[in-house]
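To keep things clear, I will list the structure first and then write my remarks on it.
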Amino acid sequence: MIIPHPLLGPRDAAEFVYLGDAALIDRPDWQAEDALTAFHDYGYLRDNPAGPHKELWYHEQGDRSWLVVTRDTTTHEITAVELARDVARSRGRSA
Amino acid sequence: MRYSAFRILREGLTGNKGWKPVWREPDPKPEYDIVIVGGGGHGLATAYYLAKEFGLTNVAVLEKGWLGSGNIGRNTTIIRSNYLLPGNEPFYELSLKLWEGLEQDFNYNAMVSQRSILNLFHSDAQRDAYVRRGNAMILAGADAELADAEQLRAELPFLDFDNARFPIKGGLYQRRGGTVRHDAVAWGYARGADSRGVDIIQNCEVTGFDIENGTCTGVQTSRGAIRARKVAVCVAGSSGRVMAQAGMRLPIESHVLQAFVTEGLKPVLPGVVTFGAGHFYVSQSDKGGLVFGGDIDGYNTYAQRGNLPVVEDVAEGGMAIMPMIGRARLLRSWGGVMDMSMDGSPFIDKTHIDGLYFNGGWCYGGFKATPASGFCYAHLLARDVPHPTASQMRLDRFMTGNLIDEKGQGNQPNLH
Numbered sequence: 001m002i003i004p005h006p007l008l009g010p011r012d013a014a015e016f017v018y019l020g021d022a023a024l025i026d027r028p029d030w031q032a033e034d035a036l037t038a039f040h041d042y043g044y045l046r047d048n049p050a051g052p053h054k055e056l057w058y059h060e061q062g063d064r065s066w067l068v069v070t071r072d073t074t075t076h077e078i079t080a081v082e083l084a085r086d087v088a089r090s091r092g093r094s095a
Numbered sequence: 001m002r003y004s005a006f007r008i009l010r011e012g013l014t015g016n017k018g019w020k021p022v023w024r025e026p027d028p029k030p031e032y033d034i035v036i037v038g039g040g041g042h043g044l045a046t047a048y049y050l051a052k053e054f055g056l057t058n059v060a061v062l063e064k065g066w067l068g069s070g071n072i073g074r075n076t077t078i079i080r081s082n083y084l085l086p087g088n089e090p091f092y093e094l095s096l097k098l099w100e101g102l103e104q105d106f107n108y109n110a111m112v113s114q115r116s117i118l119n120l121f122h123s124d125a126q127r128d129a130y131v132r133r134g135n136a137m138i139l140a141g142a143d144a145e146l147a148d149a150e151q152l153r154a155e156l157p158f159l160d161f162d163n164a165r166f167p168i169k170g171g172l173y174q175r176r177g178g179t180v181r182h183d184a185v186a187w188g189y190a191r192g193a194d195s196r197g198v199d200i201i202q203n204c205e206v207t208g209f210d211i212e213n214g215t216c217t218g219v220q221t222s223r224g225a226i227r228a229r230k231v232a233v234c235v236a237g238s239s240g241r242v243m244a245q246a247g248m249r250l251p252i253e254s255h256v257l258q259a260f261v262t263e264g265l266k267p268v269l270p271g272v273v274t275f276g277a278g279h280f281y282v283s284q285s286d287k288g289g290l291v292f293g294g295d296i297d298g299y300n301t302y303a304q305r306g307n308l309p310v311v312e313d314v315a316e317g318g319m320a321i322m323p324m325i326g327r328a329r330l331l332r333s334w335g336g337v338m339d340m341s342m343d344g345s346p347f348i349d350k351t352h353i354d355g356l357y358f359n360g361g362w363c364y365g366g367f368k369a370t371p372a373s374g375f376c377y378a379h380l381l382a383r384d385v386p387h388p389t390a391s392q393m394r395l396d397r398f399m400t401g402n403l404i405d406e407k408g409q410g411n412q413p414n415l416h
């Protein structure tokens, strides 16, 4: 697979480390009433869809940026790549 | 029809006209006591043991494709019970004992060959870990034997003992491990279940679950609605998308694992050998091909094919322990979808929906578990209590803290 990096252009997927579903950006509030359930679900449950999937890739052997890659899990086709920093900021997760 | 040497002789002398199809192709009935979703190894084994051991025969197995078209036909055929943790090892030892009696039990030649499995170690620390593992195996009634490099040099002279980076210091044998003709496992279980009255319905995809007031009363399928008192899902790599139809999220990601086979060679490899410093395992099939594999590709996928970096990694692993493999030409490679769980161990459990049961999370180790998985799932379905060897394989273990994490990797499925 080739991942079109937003800053560096097309890069071999072997340069990256895969973390998982990009929903991991949305870490629950540890002070909330339902924090126990929320952290269990955050840590252990996954949507695991067959089709488009937003996921976190880390460019370890490159510029060490985190990316949010939208990729179809039935065809491996990549339709969008964003910097995870931008995605997190747009969700109010990062300064 | 019972198979025997006498039967082969008689058919041979009478033009082989007496062989019949070994299972029926029935239309689905409107209602069953138990509907099993998934006609792979585990589903067919569940149906077989339900009928044979628990006397429940008003059972249907629904398969969206053809019988055994998933991972039972895509694995590297290895059987073993060399696990460490008490939540796993007794279960896999039960499985190995069932493998040992399987062919007599279901009267079908599955070519169970206990040709041994050898896990190589490459450092003192790894030797200590394998001693511990071997003792855990012996405590659970399995067999384990530590071999030093001198013994292995005599038995397997082709290994690269003096490899500069990962010299081979010895290995942990399980002599009762080995290989099985994988497709024959599906066929044998199917024949055994069918002959006891189980309906095996192929080309019948489950498209939804009928759930009323927290109780599952049946399934919607591509061949109409089927009512059931109990619905038992065991669909391995498809677990995520099937259980999503029941509104459930699972502690599972689907990943692809690739496997490889070379051209046929004369006998060179007596048993199964695994690399201790990388992920590589190899055996030789009865047709002569070297069958081998390595790590999963490491990203979510439902495509039954992988990418080239893993091919390179597997080839490097093979060259690191047995350089002669470089002279063999690769014949085929393929991929299968693994239901990778959050701690690397499986689930055989009820769900929070009454009447809906789940079996999955087998990661890349489902084939060896086939008999015990079927037996324990049948036990759960028939008696509504887990089999003693599968009592820790629960869906709520991440909430209760009772994880079964053999590698100690945490909730990162692509590292298990």
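Protein sequences, first through last, are from chains A and B. The first sequence begins at 1 in full-length UniProt numbering and counts up one residue at a time. The second sequence begins at 1 in full-length UniProt numbering and counts up one residue at a time. We treat Cβ as the ideally placed atom computed from N, Cα and C, and that holds for glycine.
Around the beta carbon of alanine 164 (chain B), fewer than 16 other beta carbons sit within 10 angstroms, so the residue counts as exposed. Checking the DSSP bridge columns, you'll see phenylalanine 209 (chain B) partnered with B:Val219.
Looking only at B:Arg196, B:Asn411, B:Gly141, the smallest Cα-Cα distance to arginine 176 (chain B) is reached by B:Gly141. In the three-state DSSP reduction, histidine 352 (chain B) falls in the coil class, being neither helix nor strand. Contact check for alanine 236 (chain B) against glycine 278 (chain B) fails: the beta carbons are separated by 8 Å or more. Neighbours of serine 254 (chain B) in chain A, taken as residues whose beta carbon is under 9 Å from its own, are Asn48, Ala50, Thr73 in chain order. Its Cα nearest to that of alanine 129 (chain B), the residue B:Lys407 stands out among B:Lys407, B:Gln412, B:Pro270, B:Thr77. Excluding five sequence positions before and after leucine 96 (chain B), the CB atoms of its chain that fall closer than 8 Å to its own CB belong to Ile79, Arg80, Ser81, Ala142, Arg176, Gly177, Lys368, given in chain order. Each of A:Leu7, A:Ala13, A:Gly9 was checked against the Cα of arginine 71 (chain A), and the nearest Cα belongs to A:Ala13. Between phenylalanine 275 (chain B) and phenylalanine 347 (chain B), the alpha-carbon positions lie close to 28 Å from each other. Secondary structure note for arginine 332 (chain B): its beta strand (DSSP E) is the uninterrupted segment 330-341. With a threshold of 8 Å between beta carbons, asparagine 58 (chain B) makes no contact with chain A. Rounded to the nearest angstrom, the gap between the Cα atoms of glutamate 312 (chain B) and leucine 330 (chain B) is 12 Å. At a Cβ-Cβ threshold of 8 Å, tyrosine 44 (chain A) and phenylalanine 375 (chain B) do not count as neighbours.
Scanning the stretch 128-182 of chain B for uninterrupted beta strand (DSSP E) segments of 3 residues or longer gives 145-148, 170-174, listed from N- to C-terminal end. Taking a Cβ-Cβ threshold of 7 Å, none of the residues of chain B is close to alanine 84 (chain A); the smallest such distance is about 16 Å. The shortest CA-to-CA distance from arginine 327 (chain B) to any of B:Glu53, B:Phe158, B:Thr57, B:Pro86 is the one to B:Phe158. Per DSSP, isoleucine 8 (chain B) lies in no beta strand (DSSP E); the unbroken alpha helix (DSSP H) holding it starts and ends at 5-13. For glycine 240 (chain B), the C-beta contacts it makes with chain A under 9 Å involve Arg46, Asp47, Asn48, Pro49, Ala50, in order along the chain.
By the neighbour-count definition (other C-beta atoms within 10 Å, threshold 16), methionine 393 (chain B) is a buried residue. Per DSSP, the continuous alpha helix (DSSP H) segment holding phenylalanine 39 (chain A) begins and ends at 35-44. For proline 309 (chain B), a Cβ of chain A is located within less than 8 Å of the residue's own Cβ. If you draw a 10 Å sphere on the C-beta of histidine 352 (chain B), you find fewer than 16 other C-beta atoms in it, and that means exposed.
Interface with chain A (8 Å Cβ-Cβ cutoff): tyrosine 364 (chain B) is excluded. Counting only runs of at least 3 residues, the stretch 242-269 of chain B fully encloses the following beta strand (DSSP E) elements, listed from N- to C-terminal order: 252-264.
Annotation: arginine 227 (chain B) is outside any alpha helix (DSSP H); the continuous beta strand (DSSP E) that includes it extends over 224-233. Under DSSP, no beta-bridge partner is assigned to aspartate 26 (chain A). Annotated three-state conformation of valine 22 (chain B) is coil, per DSSP. When the beta-carbon positions are compared, valine 61 (chain B) and valine 198 (chain B) come within less than 8 Å of each other.
No Cβ of chain B is located within less than 8 Å of the beta carbon of glutamate 33 (chain A). Beyond the five residues adjoining it in sequence on each side, histidine 76 (chain A) comes within less than 8 Å, by CB distance, of Met1 in the same chain, given in chain order. Of all residues in the stretch 341-357 of chain B, only Met342 come within less than 7 Å of chain A when Cβ atoms are compared, listed by chain position. Annotation for histidine 5 (chain A): the continuous beta strand (DSSP E) segment containing it runs 2-5.
The contact set of tyrosine 58 (chain A) on chain B, defined by CB atoms closer than 9 Å, is empty, because the minimum CB distance reaches about 12 Å. According to the DSSP secondary-structure assignment, glutamate 15 (chain A) is paired through a beta bridge with no residue.
Annotated three-state conformation of valine 385 (chain B) is coil, per DSSP.
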